[in-house]
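The next block holds one structure in the form of structure tokens; read it before the comments.
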Amino acid sequence: MFRPPRGTRDYLPWEMWRRNWVIDRIREVFEAYGYEPLGTPAFESWEMLKLKSGEDIIREIYYFKDKSNRELGLRFEWTASLCRVVASHRELPKPFKRYAIGPVWRYERPSEKRLREFWQADVDIVGVADPIADAEVISVAVDALKRLGLEGFKVRINDRRILEAFVELLELPRNLSLDIFRAIDKLNKIGVDGVERELSKLGIPEEKRGKLMEMIDVRGEPEERLGEVEEILKHSELGLRGLEALRGVVEYSGRFGFRPHLLLDLSLARGLDYYTGPVFEIYLGDVSISIAAGGRYDELIQLYGGDPTPATGISLGVERIVATLQELGVLDDLRVGTEVFVASASNSVRDKAIEIAQRLRRAGISTDLDLMGRSLSKQLEYANRRGFRKVVIVGSRELEQGGVTVRDMETGEQRFIPLESLLDHLGPR
RNA sequence: GCCGCUGUGGUGUAACGGUAGCACAAGGGCCUGUGGAGCCCUUGGACCGGGUUCGACUCCCGGCAGCGGCCCCA
Numbered sequence: 010m011f012r013p014p015r016g017t018r019d020y021l022p023w024e025m026w027r028r029n030w031v032i033d034r035i036r037e038v039f040e041a042y043g044y045e046p047l048g049t050p051a052f053e054s055w056e057m058l059k060l061k062s063g064e065d066i067i068r069e070i071y072y073f074k075d076k077s078n079r080e081l082g083l084r085f086e087w088t089a090s091l092c093r094v095v096a097s098h099r100e101l102p103k104p105f106k107r108y109a110i111g112p113v114w115r116y117e118r119p120s121e122k123r124l125r126e127f128w129q130a131d132v133d134i135v136g137v138a139d140p141i142a143d144a145e146v147i148s149v150a151v152d153a154l155k156r157l158g159l160e161g162f163k164v165r166i167n168d169r170r171i172l173e174a175f176v177e178l179l180e181l182p183r184n185l186s187l188d189i190f191r192a193i194d195k196l197n198k199i200g201v202d203g204v205e206r207e208l209s210k211l212g213i214p215e216e217k218r219g220k221l222m223e224m225i226d227v228r229g230e231p232e233e234r235l236g237e238v239e240e241i242l243k244h245s246e247l248g249l250r251g252l253e254a255l256r257g258v259v260e261y262s263g264r265f266g267f268r269p270h271l272l273l274d275l276s277l278a279r280g281l282d283y284y285t286g287p288v289f290e291i292y293l294g295d296v297s298i299s300i301a302a303g304g305r306y307d308e309l310i311q312l313y314g315g316d317p318t319p320a321t322g323i324s325l326g327v328e329r330i331v332a333t334l335q336e337l338g339v340l341d342d343l344r345v346g347t348e349v350f351v352a353s354a355s356n357s358v359r360d361k362a363i364e365i366a367q368r369l370r371r372a373g374i375s376t377d378l379d380l381m382g383r384s385l386s387k388q389l390e391y392a393n394r395r396g397f398r399k400v401v402i403v404g405s406r407e408l409e410q411g412g413v414t415v416r417d418m419e420t421g422e423q424r425f426i427p428l429e430s431l432l433d434h435l436g437p438r
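Following the numbering used here, the residues of the first sequence are numbered contiguously, the last one being 438.
Right, dumping it as structure tokens:
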């Protein structure tokens, strides 16, 4: 028997209905905020994909050659393709707000919360340097999660420039800053001692390690904590700019309405190399697994050959969100699946059953009918197991009176319905 | 990519170096005009390849896949 390749999986209908429901809600929120869909290919040129990435990411890109020996790779997130499009379509009005929802691929070790093929739902704003854009993309993500019925999540924020300022102030080697950031980023996962160990592996002397740990160990209500940070950063222009951006995000968060979810965390770094300003990450409970993350990348579009253009964005991890919703039971009562089942009481009325099913279908009512020639009790058993809410029983007795029996599968209640009012009775969804 | 643990019908499991059993699911019957229960029948299995052995699902090796850790990340 064949199995899906490593790190991929099948989604059977019961799960796919729920998944699609989640994706539809996310898309609704994206569109409610005025983001527009943009379509880009699943595979891009290898050159383009690796342009902005460090070694670690490049290693995780699915790479292949086509029959003409072109070097290609599967997209591992949405940002590269967006930058390519923006760089080559200067006519796009600014701000350019686009969304994209679909699979991305990463060659890494799979586990339950990490697949090699997974969906990202991504929004980005291109052309706005002000933190209002960062605040808005956070707000979209927050509202999408709320729309799905999630509540107790937190949005951790930081600014890359603050971390860079720390490196600067402590006179740590600049070429190590990404490695240092990654080490810092693990604080929540491996603790202070763990991070210190990582830093010492990088050759950071003990005294500086201690100072750095102190600097990044700021976590909590943004308003309260930002003051403390200013004191540390007062001699760093870069750091102060980061601080100002964060202040902006915090301020706008009140207006956008996600202030209660906001948490300043100076140990948040995010792995991706290209962030230049605010970075953010949304998680729920388990701190090591984020369900959404993003940040500002003001230098990326020019890297792809476009005009220098500020940009910021956020990605939601669809599988992780679905898994979370399932764990919380949010999806249990979801009404999904086909609405109506048309059952035939006998073979002689089958043609009539087809006719009725077609009428319902053309009226937009999702309708199934018996294709197996089963007995009525088998049809009802089937309809019950499949979760149909209404069964239309077509039988010669009712047809003689010009109608059918409609059975409510939840209550068991049955009513005779004249054919001409069947559509009204079942109604559109 | 590295290290560790695991791999029995579709799913969940049992026993055993010598005939692979159970439950659920699926299809059917009891029941050709009424579902959720019950009883009965049917279909269907040792991840793959090699080795040890009279004999391997069982032991050994390799691959593949899953899980956990590292790395990285939604």
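Glycine residues also receive a C-beta, built at the ideal position from the N, C-alpha and C atoms. On a predicted model such as this, the values are computed, not experimentally measured, just so you know.
Asked	Found
Given Tyr475 as reference, the closest of Thr333, Leu81, Val137, Leu196 once Cα atoms are compared	Nothing in the structure corresponds to residue 475, since the chain is present only between 10 and 438.
Rounded C-alpha distance that separates Lys106 from Thr414	51 Å
Met418 and Arg394 closer than 8 Å at C-beta	no
Where Lys399 falls: helix, strand or coil (DSSP)	strand
Between the CA atoms of Asp143 and Glu177 - distance to the nearest angstrom	25 Å
Alpha-carbon to alpha-carbon, Leu293 and Arg27	20 Å
Buried or exposed (CB count within 10 angstroms, at least 16 for buried), Arg165	buried
Backbone CA spacing between Pro214 and Ser77 [nearest angstrom]	52 Å
Where Trp23 falls, given that 16 or more other Cβ within 10 Å makes a residue buried	exposed
Rounded C-alpha distance that separates Ile141 from Phe289	14 Å
Presumed contact (8 Å Cβ cut-off) between Leu221 and Val238, rounded CB distance	Going by Cβ atoms, the distance from Leu221 to Val238 rounds to 14 Å, so no, they are not a contact pair.
Pairwise C-alpha distance: Asp194 and Arg279	6 Å
Asp133 versus Pro119: straight-line alpha-carbon distance, rounded	27 Å
Three or more C-beta pairs below 8 Å linking the stretch 38-53 and the stretch 74-90	yes
Cross-strand partners of Phe440 (DSSP beta bridge)	With the chain represented from 10 up to 438, any question about residue 440 goes unanswered, as that position is not in the structure.
Buried/exposed call for His434, threshold 16 Cβ in 10 Å	exposed
Limits of the beta strand (DSSP E) - the one that Glu290 falls within	287-292
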